[in-house]
Amino acid sequence: MNSEKSDNPHYLHPTVENLSQAIFTVNRHAKTAPNPKFLYKLKQAALQKLIKEGKAKKVGLHFSSNPKFSQQQSDVLVVCGDYSFHLPPSKEDFAKLPHLGKLNEHIRNPRSSLSLNQAKKLLISFTGLKEIDKFSTHQKRQYEKPVFKKLGESYF
998 MNSEKSDNPH YLHPTVENLS QAIFTVNRHA KTAPNPKFLY KLKQAALQKL
1048 IKEGKAKKVG LHFSSNPKFS QQQSDVLVVC GDYSFHLPPS KEDFAKLPHL
1098 GKLNEHIRNP RSSLSLNQAK KLLISFTGLK EIDKFSTHQK RQYEKPVFKK
1148 LGESYF
């Protein structure tokens, strides 16, 4: 199986640089996706695994630029390779990480030419998550003709 992957020129190896580009691509597409839930879950799972392996690092907390319900909210800044990302904080993050204040809008991630399909395949193989096809889980209900009883008849 590994020989197939190494023979395929389109297969990306799960290096820190490739994984961070894939997370960046997935995150960028999730912002405009009609159903972004799986993409954000994929991003979070990949970053958590990279942090656990020591390939990414939690740097500190930033004030969120888009807080929910107009209340102040913080996000965890995670650096992975040349890219930086934000994740929702845990209770331990508030105790352990320094607060960096407001996000610097002038710092940008480098461009990535990775396609969404390649990025998803790489992150799915790295994390082990499976994408659930939303069309296969919802079975279409068979159309049933309405039954009209004559006036005075019982419906039971």
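Residue 998 is where the sequence shown starts when you use my numbering, and the numbers rise one by one after that.
Beta carbons are placed, not taken as given, at the ideal position from N, Cα and C, and that holds for glycine.
For residue j and residue i, the rounded distance between their alpha carbons
| i | j | result |
| --- | --- | --- |
| residue 1110 | residue 1060 | 29 Å |
| residue 1069 | residue 1089 | 18 Å |
| residue 1043 | residue 1106 | 17 Å |
| residue 1104 | residue 1082 | 12 Å |
| residue 1038 | residue 1108 | 22 Å |
Residue i, enclosing alpha helix (DSSP H) - first and last residue
| i | result |
| --- | --- |
| residue 1144 | First-last for residue 1144: undefined, no H or E at that position. |
| residue 1081 | Where residue 1081 is concerned, there is no enclosing alpha helix (DSSP H), although the beta strand (DSSP E) it sits in stretches over 1080-1084. |
| residue 1116 | 1113-1124 |
| residue 1190 | Because the chain here runs from 998 to 1153, residue 1190 falls outside it and cannot be looked at. |
| residue 1018 | 1013-1027 |
| residue 1089 | 1088-1093 |
6 Å Cβ shell around residue i - same chain, five flanking residues per side excluded
| i | result |
| --- | --- |
| residue 1017 | 1077, 1078 and 1080 |
| residue 1035 | 1128 |
| residue 1062 | 1100 |
| residue 1052 | 1013 |
Opening and closing residue of the beta strand (DSSP E) in which residue i lies
| i | result |
| --- | --- |
| residue 1071 | 1071-1077 |
| residue 1054 | 1054-1060 |
With 16 other Cβ atoms within 10 Å as the buried cut-off, status of residue i
| i | result |
| --- | --- |
| residue 1117 | buried |
| residue 1032 | exposed |
| residue 1024 | buried |
| residue 1075 | buried |
Residues near residue i in its chain [Cβ-Cβ closer than 8 Å; skip 5 each side]
| i | result |
| --- | --- |
| residue 1091 | 1058 and 1071 |
Same chain only: Cβ atoms within 7 Å of residue i, ignoring 5 sequence neighbours per side
| i | result |
| --- | --- |
| residue 1015 | 1009 and 1119 |
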